[in-house]
Amino acid sequence: MNIRNHERIAQIKKLSRYLYLILTGIQYVLWALCPLALFSLWAGTEGVIHLDKPINVANLSLLQRCLMTIIASGVLLLLLNVIHHLRQLILYFANGDIFHKKAIDHARKALQNALIIYGSYVLSSLAMWSYIYITHQSFHVSFNGKFVFGLIIFCLMYVLLSALEIGRDLNEESELTI
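Below is the structure:
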C-alpha cells in the first residue's frame, strides 16, 4: 500500500494545512503581544493579574515585578517553543510524512515543553496555597477541574505520541519487507 496516496492521508494533509495556518497566526500574535504584556507587567500602574486570586499591579513591589516578569517570560518562551514544534509537526503532516522520525521528535519536544508549563502551573498553585496558609493561617482549596483536565489532555497526547511511534515502526518494517 502506498501511504502517500491513501484517502485518509489526503484528508490529514488538507486539515494539516489549515492547522498550520492557524498555528502560524497564533505564533505571530504571541510574538507581537509578548513584549507588550511584559512591559505592562513591568511598568504598569493600573490593571489586575488574575492568578488564583486577583492581584493589583499597582501594589506590587519592584522585586515582585521582577520575579513576575521573569516567570512570565519563561512561560511565554516555553509556549512559543510548543507552538514552534507543533507547527513543524503539522508541516510534516501537511507534506504527508506522518510517520517521519523528525515529525515524531517535534511531537515529543512539544509535549515535553507543554509538560514543563503544566508542571509549573501545578507547582505555582501549591506555592500559592502554601503562602496563603502561612500568611493567613487558613487553608481553602477550590476545585475548578483545570488539574484533571490538564492531566487528561497529557495522557491523550502521550497515547497519540506512542501511536505515532508504533506507526513509524510498522511503516519502517513494511518498507523493509517490500
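Using the numbering used here, read the sequence shown as starting at 447 and increasing by one per residue.
Beta carbons: idealized from backbone N, C-alpha and C, even for Gly.
Q | Reduced DSSP secondary structure (H/G/I, E/B, other) of Leu602 | A | Three-state result, Leu602: helix.
Q) In whole angstroms, what is the alpha-carbon distance linking Ile455 and Tyr466? A) 16 Å
Q.
Looking only at its chain, what residues have a beta carbon closer than 7 Å to the beta carbon of Arg554, apart from the 5 residues adjacent to it on each side?
A. Answer for Arg554: Leu607, listed in chain order.
Q: Using the Cα positions of Glu453 and Leu597, report the straight-line distance between them to the nearest angstrom.
A: 33 Å
Q) When DSSP labels each residue in this structure, what does His546 get in the three-state scheme? A) coil
Q) Can you tell me the Cα-Cα spacing of Trp443 and Ser566, whole angstroms? A) This structure cannot speak to residue 443, because the chain is shown only from 447 to 624.
(Q) By the three-class DSSP mapping on this structure, what secondary structure does Asn617 have? (A) helix
Q. Apart from the five residues on each side of it in sequence, which residues of its chain come closer than 7 Å, Cβ to Cβ, to Leu524?
A. Asn559, Ile562 and Ile563
Q. Can you round the beta-carbon distance between Glu611 and Ile550 to whole angstroms, since I take them to be within the 8 Å contact cut?
A. 6 Å
Q. Are there 16 or more other CB atoms within 10 angstroms of the CB of Ala504, so buried, or fewer, so exposed?
A. Under a 10 Å Cβ-count criterion, Ala504 is classified as exposed, with fewer than 16 other Cβ atoms of the shown protein chains found around its own Cβ.
Q. What residues in its chain sit with their C-beta under 8 Å from that of Arg533, if we drop five residues either side in the sequence?
A. Tyr466, Leu469, Thr470 and Gln473
Q: Could you please give the first and the last residue of the uninterrupted alpha helix (DSSP H) stretch that includes Gly520?
A: Leu508 to Ala540
Q | Cutoff 8 Å; reference Ser507; Cβ partners in own chain excluding five residues on either side | A | none
Q. Of the residues His546, Lys548 and Pro481, which one's Cα is nearest the Cα of Gly520?
A. Gly520 has its Cα closest to that of Pro481, out of His546, Lys548 and Pro481.
Q: From the DSSP output, in three-state form, read off Gly565 for me.
A: Three-state DSSP puts Gly565 in a helix.
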